[in-house]
Amino acid sequence: MTTPADYGIIYNWDGAPHGYTELPQSMDQFLQHTYAPLQDTQVGALFWCIGEHASRWQSEGLELLGNEHGRVYENAYNYNFTENIRQMLERGEDPQAALVERGHELGLHVYASVRMNDNHFNGTAPADIPHLHHTEMTGLRRQHPEWLLGDETEEWYAASWNMSVPEVREHRFTHLREACERYDWDGVELDWQRHAFHLPEDDAYRLRYVLTDVQRAARQLAQRLAAERGRPFYVAARVAGSLEMCRRIGYDIPTWIEEGLVDMLIPAGNAATDPDAEVEQFVDLCRGTDIVVYPGFDGALAGVPSGPEDATTREQMSVRGIASRHYRAGATGMYAFNWHAGRDTRRELLTQVGSPKTLQGTDKIYAATHRFFQKEGEWRGAYRRDRILGQVPVALKPTMTGDGPTIRLDLGDEHTEKRQPRFQLRLRLDEWVRGDEVRIQWDGIELVSPDIRFDRGTDPDPIGDFAAAVWFRFDLDAAQVTAGQHQVKVALVTRNPQVASDLILTDAELVVT
């Protein structure tokens, strides 16, 4: 095995640039939309989604995108997106081939990203598959509802493939193999996290060997292609952010490492960013091998409130804090997923998070991770796979010993010769009123006299002076804020007796400015 180049940032495109130009899209327009966000940034590799279920090239073993409904589409977006691809093929053009060629011209490595079990079928049950008009629907899924997970997984993912079925694994491997053989990629990503529902819920750990079967076949394919092409063909795998959830889903990470079935591990969320990815544990498992670890980001931070900063500023500060923490834990670089962008949309972050050096001296938020659930509506159940040890929100209950929740904050090194930043601990309490008393400690030292401000979001002209949530703010001395783990204890002393609801700690964060 050889180690992939240090990519700095890996950028995953989901194929969206096909829909960024009105039909008919030229190849130049497609390539411009694809690479504009990446040029002159710290991105060293593009992972390109080759399609969810149907082929985007003329295939003998797969159904062509758009064929299932006779090129009649459920909405304007899918019409424009799919017909841009189809008409390129009809003109004798191949977007995958052109994409790889342009990436290599720009000095980037380009990987095929294969979504192993994508489910954007909007919670469709297997019984309703025959009636679903969806561009990514295939005849194979209609013909074999018995190959789907059904009631053996979360309701929203009932139409996902059951990977314990041999024919399903062969079908998904065919998609992967065709993509790899046809084009001059530098490697392939098995994106197991799109989506992380592969096996019957109660049997997933015991059936983990069937997912290893696919991973092993992918490695054997990569070895053959590397020998034929005379250069490395790397294998990446996007997996759950925690080793515990990897076990529960069916990813046998120790075996994958021991057998050398991956060159790169990408611990990530199934839905939204998982800031608590266990980077240090993944790095420790890979020690003594050539396998590298690239944690990173999805398009959103689940459960994070707006304010006190505006949403964009808060997201950027939070991303920089997460990246700094990951680097301190041993990450090789960062991975950006669903960062849909034009040339300048994400440029600031894409020129910062690819190296610990460029993160030095930037404003950051180091925040406790939210345990977030979507119990109703779209994507219900999707978030249960992620952030399983999220520390907030947590109700502050009376205790016999005066105890309360202890929140862990892991910090990067913020002290530099050029900058001595300001540090502020912020705690957000929901359902707070005068008469409530809490005791707050930073690393065992009690903090007193907080600056208390009502959280009225980012409204520049709020109508009222009161809000049911407040921010407690404490300025900390530089000597109190070192790289590594710190503990914040918040204990309820007295609850206003006229308020029946719980007092809830929704956020705990250290702000570096």
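Start counting the sequence shown at 14; every next residue gets the next number (the numbering used here).
Even for Gly, the Cβ is constructed at its ideal location relative to N, Cα and C.
Residue i: first and last residue of the uninterrupted alpha helix (DSSP H) it sits in
i: tryptophan 269; result: 266–271
i: methionine 347; result: Unbroken run through methionine 347 is the beta strand (DSSP E), 347–350; no alpha helix (DSSP H).
i: aspartate 226; result: 221–242
i: arginine 356; result: No alpha helix (DSSP H) holds arginine 356; DSSP gives it neither H nor E.
i: tyrosine 90; result: 89–103
i: glutamine 109; result: 108–118
i: aspartate 41; result: 40–48
i: glutamate 257; result: 256–262
Extent of the continuous beta strand (DSSP E) run through residue i
i: glycine 200; result: 200–204
i: aspartate 488; result: 482–489
i: threonine 419; result: 419–424
i: histidine 499; result: 497–507
i: isoleucine 441; result: One point to set straight first is that residue 441 is arginine, not isoleucine, in the sequence displayed. Where arginine 441 is concerned, the enclosing beta strand (DSSP E) stretches over 436–443.
i: alanine 250; result: 247–253
Inter-residue spacing [alpha-carbon to alpha-carbon] between residue i and residue j
i: cysteine 193; j: threonine 187; result: 10 Å
i: tyrosine 124; j: leucine 59; result: 6 Å
i: leucine 119; j: histidine 353; result: 20 Å
i: alanine 171; j: glycine 263; result: 17 Å
i: histidine 144; j: alanine 395; result: 24 Å
i: glutamate 272; j: aspartate 468; result: 52 Å
i: alanine 480; j: tryptophan 445; result: 9 Å
i: leucine 409; j: proline 418; result: 7 Å
i: proline 108; j: aspartate 311; result: 25 Å
i: serine 368; j: arginine 360; result: 14 Å
i: glutamine 498; j: alanine 342; result: 11 Å
Beta-carbon gap between residue i and residue j smaller than 8 Å
i: glycine 116; j: glycine 57; result: no
i: arginine 327; j: threonine 375; result: no
i: valine 305; j: methionine 277; result: yes
i: tryptophan 160; j: glutamate 191; result: no
i: histidine 208; j: asparagine 88; result: no
i: aspartate 204; j: arginine 128; result: yes
i: phenylalanine 134; j: glycine 200; result: no
i: alanine 504; j: leucine 424; result: no
i: threonine 519; j: arginine 441; result: yes
i: leucine 44; j: leucine 112; result: yes
i: aspartate 287; j: arginine 400; result: yes
i: tyrosine 379; j: tyrosine 348; result: no
i: valine 494; j: glutamate 430; result: no
i: tryptophan 484; j: arginine 439; result: yes
i: arginine 185; j: alanine 217; result: no
Test: residue i CB closer than 8 Å to a CB of chain B
i: threonine 414; result: In the structure shown, chain B cannot be found, because there is only a single protein chain.
Chain-order list of residues whose beta-carbon lies under 8 Å from that of residue i (same chain, five-residue window excluded)
i: arginine 237; result: none
i: leucine 564; result: Residue 564 lies beyond the stretch modelled for the chain, which goes from 14 to 526, so this question has no answer here.
i: glutamate 291; result: Gly254, Ser255, Leu256, Pro280
i: proline 158; result: Pro139, Ala140, Ile142
i: glutamine 437; result: Arg486, Phe487, Asp488, Leu489, Leu523, Val524, Thr526
i: alanine 235; result: Cys193, Gly200, Val201, Phe246, Tyr247, Val248
i: glutamine 433; result: Ala491
Cβ shell of residue i (< 6 Å), same chain only, five flanking positions each side left out
i: histidine 46; result: Pro30, Tyr33
i: serine 173; result: Asn130, Asn132, Leu162, Phe210
i: glutamate 202; result: Phe60, Tyr124, Ser126, Ala249
i: threonine 54; result: Leu363, Thr364
i: glycine 28; result: Cys62
i: threonine 166; result: Phe210, Glu214
i: isoleucine 420; result: Ala381, Gln404, Val501, Ala521
Contacting residues, own chain, Cβ-Cβ under 7 Å from residue i (five flanking each side not counted)
i: histidine 82; result: His146
i: arginine 182; result: Met176, Val223, Asp226, Val227
i: valine 506; result: Glu450, Val451, Arg452
i: arginine 356; result: Ala49, Pro50
i: isoleucine 270; result: Leu298, Cys299, Thr302, Ile304
i: glutamate 35; result: Asn93
Exercise. For the segment 265–335, which segments carrying the beta strand (DSSP E) assignment without a break, of at least 3 residues, lie completely within its bounds, in sequence order?
Worked result: Runs found: 277–281.
Problem set entry | Start-end ranges of the alpha helix (DSSP H) lying completely within the segment 144–210, minimum 4 residues | DSSP runs (the alpha helix (DSSP H)) wholly in the segment 144–210: 152–156, 179–195.
For this session: Mind listing, in chain order, the continuous alpha helix (DSSP H) runs of no fewer than 4 residues lying wholly within the segment 359–409?
Result: 360–363, 369–372
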